[in-house]
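First the structure, in the form of structure tokens, and then the observations on it.
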Amino acid sequence: MSRPRLTAEQLRSHRWFGVDTMRSFGHKSRAKQMGFDAEDYSGKPVIGIVNTWSDINPCHTHFRERAEDVKRGVHQAGGFPLELPAMSLSEPFQKPTTMLYRNMLAMETEELLRSYPVDGCVLMGGCDKTTPGLIMGATSVDVPSIFLPAGPMLKGRWKGATLGSGSDTWKYWAQRRAGTLGEQEWGEIEDGIARSPGHCMTMGTASTMTAAAEALGLTLTGGSSVPAAFSHHPQLAVATGRRIVDLVWEDVTPRQVLTREAFENAIAVVMAMGGSTNAVIHLVAMAGRAEVDLPLEVFDDLSRAVPALANIRPSGEYLMEDFYDAGGLRGLMAELGELLHRDAITVNGRTLGENLEGAEIHDTDVIRRRDAPLTEQGGLAVLRGSLAPDGCVIKTSAASPDLLQHRGRAIVFDSYDDMEARIDAEDLDVDENSVLILRGAGPLGGPGMPEWGMLPIPKKLLRRGVSDMVRVSDARMSGTSYGTCVLHVAPESVAGGPLALVRDGDVVELDVPGRRLDLHVDAEELERRRAGWTRPEPVFSRGYGKLFAQHITQADKGCDFDFLEGTGGAPEPAIH
Ligand code: FES
Ligand code: MG
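Those letters in the sequence shown? Residues 7 to 582, by this note's numbering.
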């Protein structure tokens, strides 16, 4: 694709460095203070490298060196790189949940790019919410941007068995709770499960969203599958640095890439990957920034049309390192064929279809052919009904087939603490047909919609060999979790959704084939209950948490802040 190129005078940074004013004197003298001179920046695109490295983010431990690799690429192509650190959202450590801070990272990214002399940027993320947060911010500024994914960590091992992030933690923790796994083994698993830099190597939110970013066209082709510890990863970083410079000259911005077709490509890829349910929330939020209409039903439609091909845990068997060796996302997307919009443009300047030419699958057990898929349909369903008027989702690929149509009596927990205090009580009136309900765990309730949706199976049922039950909540669930868990119920209970009115013993009906979730309580009774309901007090009385509670949208709208939706652009800075 040949595009008209900008002139040096058309660069945003020209306003800072290219003019002869007193302020520009300040910019140039202060650049000299940092050890740069005109040779470094004159007439060159300034590339902001938005780096979410932090000492407390294990998934981004390699990002200090990778930022240097990106800079090398920017220099090679005649740009001027400047690293701009941004808040790191570290999934394992940040409480109550990184989801509380995704919008904060998005705001920080947006304002960094808008307020500094940035002509284009490389967004460095990968750990769960960093990917959507960075892309949301860059989309709202709409300066040329490439996303550089952290890459998955290498496989975990324990006593000859392969260990996957999250999935195996849940699995062995259940064994430990049941008393069948000892302390020593638990310690060995701690040693073996995370052994290299990189994000979770199962099909969690990280692998899901980095694949989605590539399918959107925002990452160099094939990039999202490259393991963090492989030499191919710094090579990807250098190539990204080289390419962003040309992307600036070509003036290709996120809004040109992020069309409805691009989002449909991303959703199709999420389905084919057996991706995390979190993708629904993040993609809706990202689409909101790009001003693309993306109702929940698009996910359901594409889930019916697209088969699951990636045999990756927790839905499948393998891990991201195997996926890379088997041909990676390019192999998988090539196999999707006409299910993708192949003329969508991508940041390397070629179309998605052009990028997939010559892509191969080297192991058809890891990346299945469409005639032998993992499942005929993608793994996600969008449900509505009297218990979720604005929708909810279930990861069907991680659920038990015999529970997909189920009626049971509700057992209601008002909060995570309430659940934790009572779930294992011997006198809890529960059996395997009960429907476990957790409320107060949504965007407002959590707050931040924590990943509490995979409620534990009560110990007394675990002992009887029960391994799955229908669970319903306004929470999210980690992509590495599994079970028949209905998530993202909207409106959430704290916002006054019907979930707030459910009582122990009510009959709840899940009908996944019919795409329904219903509460069988008559309307008059529900009205009586509503009259006696009071909205809980917000958790935060000040600060960011208060801002969050005032502006967060519900799950079906992507949990963005209402005032951040859309694009503000990067207006010419007023330089006085
Ligand atoms: Fe960072 Fe899972 S903890 S991606
Ligand atoms: Mg996660």
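Just so you know, even glycine gets a beta-carbon here, dropped at the ideal spot from N, CA and C.
To the nearest angstrom, report how far apart residue i and residue j are at their CA atoms.
i                 : j                 : result
glycine 471       : glutamate 432     : 16 Å
threonine 283     : arginine 310      : 15 Å
serine 60         : methionine 277    : 31 Å
proline 121       : glycine 143       : One detail in the question is off: residue 121 reads as serine in this sequence, not proline. Answer to the nearest angstrom: the Cα atoms are 13 Å apart.
leucine 17        : glycine 574       : 18 Å
cysteine 491      : threonine 381     : 19 Å
proline 110       : aspartate 377     : A small correction: the amino acid at residue 110 is methionine; proline does not occupy that position in the sequence shown. Straight-line Cα distance between these residues: approximately 43 Å.
glycine 538       : leucine 253       : 58 Å
aspartate 328     : isoleucine 417    : 41 Å
arginine 319      : isoleucine 373    : 12 Å
valine 476        : alanine 73        : 45 Å
isoleucine 141    : phenylalanine 153 : 8 Å
serine 479        : aspartate 396     : 14 Å
histidine 557     : alanine 447       : 17 Å
alanine 44        : arginine 9        : 28 Å
phenylalanine 569 : lysine 552        : 14 Å
valine 527        : valine 441        : 15 Å
aspartate 307     : valine 436        : 35 Å
glycine 355       : alanine 365       : 18 Å
glycine 223       : valine 263        : 6 Å
alanine 647       : phenylalanine 31  : Residue 647 is absent from the model: the chain starts at 7 and stops at 582.
leucine 106       : arginine 415      : 32 Å
arginine 29       : glycine 49        : 18 Å
glutamine 39      : histidine 33      : 10 Å
serine 202        : arginine 548      : 39 Å
arginine 534      : glycine 502       : 14 Å
proline 453       : tyrosine 422      : 11 Å
serine 231        : cysteine 65       : 15 Å
isoleucine 463    : serine 321        : 19 Å
valine 353        : arginine 248      : 12 Å
arginine 509      : glutamate 531     : 11 Å
serine 35         : valine 399        : 55 Å
phenylalanine 42  : threonine 27      : 19 Å
For the alpha helix (DSSP H) that contains residue i, what are its first and last residues?
i             : result
alanine 524   : A small correction: the amino acid at residue 524 is aspartate; alanine does not occupy that position in the sequence shown. No alpha helix (DSSP H) holds aspartate 524; the beta strand (DSSP E) holding it covers 522-526.
glutamine 560 : Segment: none, glutamine 560 is in no alpha helix (DSSP H) and carries neither H nor E.
valine 276    : 266-279
histidine 20  : 20-23
lysine 401    : Where lysine 401 is concerned, there is no enclosing alpha helix (DSSP H), although the beta strand (DSSP E) it sits in stretches over 394-401.
aspartate 424 : 422-428
glycine 294   : 284-295
Which same chain residues, not among the five before or five after residue i, have their C-beta less than 6 Å away from its C-beta?
i                 : result
valine 47         : What sits at residue 47 in the sequence shown is tyrosine, not valine. Only Phe23, Phe86 meet the Cβ criterion.
threonine 168     : Lys161
glutamate 457     : Arg482, Met483, Ser484
isoleucine 53     : Val80, Gly85, Pro87, Gly126, Ile250
phenylalanine 69  : Asn57, Trp59, Met130
valine 147        : Glu116, Leu119, Arg120, Ala576
leucine 12        : Trp255, Asp257
glycine 198       : Gly162, Arg163, Trp164, Leu169
leucine 461       : Leu442, Leu444, Arg477
aspartate 75      : Pro240, Ala243, Val244
phenylalanine 419 : Met425, Leu444
proline 544       : Ala555
methionine 7      : The predicted model places methionine 7 with a pLDDT of 49, which falls under 50 and marks its position as unreliable; any figure quoted below should be read in that light. Excluding sequence neighbours, methionine 7 sits near Gly355.
threonine 103     : Gly454, Pro456
If you drop the 5 nearest sequence neighbours on each side, which residues of the same chain put their C-beta closer than 7 Å to that of residue i?
i                 : result
phenylalanine 305 : Ile273, Val286, Leu386, Val388
glutamate 267     : His347, Ala350
leucine 603       : The chain is shown only over 7 to 582; residue 603 falls outside these bounds and no answer can be derived.
threonine 402     : Gly385, Leu386, Ala387, Leu410, Val518
leucine 300       : Phe269, Leu289, Val290, Ala293
isoleucine 367    : Ala332, Gly333, Gly337, Glu341, Ile373
For residue i, collect the residues of the same chain with a Cβ closer than 8 Å to its Cβ; drop the 5 residues on either side in sequence, then sort them by chain order.
i                 : result
phenylalanine 236 : Gly157, Tyr330
threonine 214     : Val276, Met279, Gly281, Ser282, Asn284, Ala285, Gly485
glutamate 194     : Trp164, Lys165
If you follow the beta strand (DSSP E) that residue i is in, where does it begin and where does it stop?
i              : result
glycine 247    : No beta strand (DSSP E) contains glycine 247, which is instead part of the alpha helix (DSSP H) from 238-256.
tryptophan 539 : Where tryptophan 539 is concerned, there is no enclosing beta strand (DSSP E), given that its DSSP letter is neither H nor E.
leucine 342    : Taken as a continuous stretch (DSSP letters only), leucine 342 belongs to no beta strand (DSSP E), being part of the alpha helix (DSSP H) at 334-342.
isoleucine 53  : 52-57
arginine 163   : 162-164
proline 138    : Not the beta strand (DSSP E): proline 138 falls in the alpha helix (DSSP H), residues 136-147.
- Message: Can you confirm whether the segment 229-245 touches the segment 314-325 when touching is taken to mean that 3 or more C-beta pairs between the two stretches lie within less than 8 Å?
- Response: no
- Would you say the segment 88-102 touches the segment 130-150, given that touching needs at least three Cβ pairs under 8 Å? yes
- Message: I'd like to know if the segment 516-534 and the segment 407-420 are in contact, where contact means that at least 3 CB-CB pairs between them fall below 8 Å.
- Response: yes
- Item | Contact shell at 6 Å, judged by CB to any heavy atom of the ligand FES, ordered along the chain | Cys65, Glu97, Pro98, Cys133, Asp134, Ser171, His205, Cys206, Gly210, Ala212
- Could you tell me whether the segment 179-190 touches the segment 98-118, using the rule of 3 or more Cβ pairs below 8 Å? no
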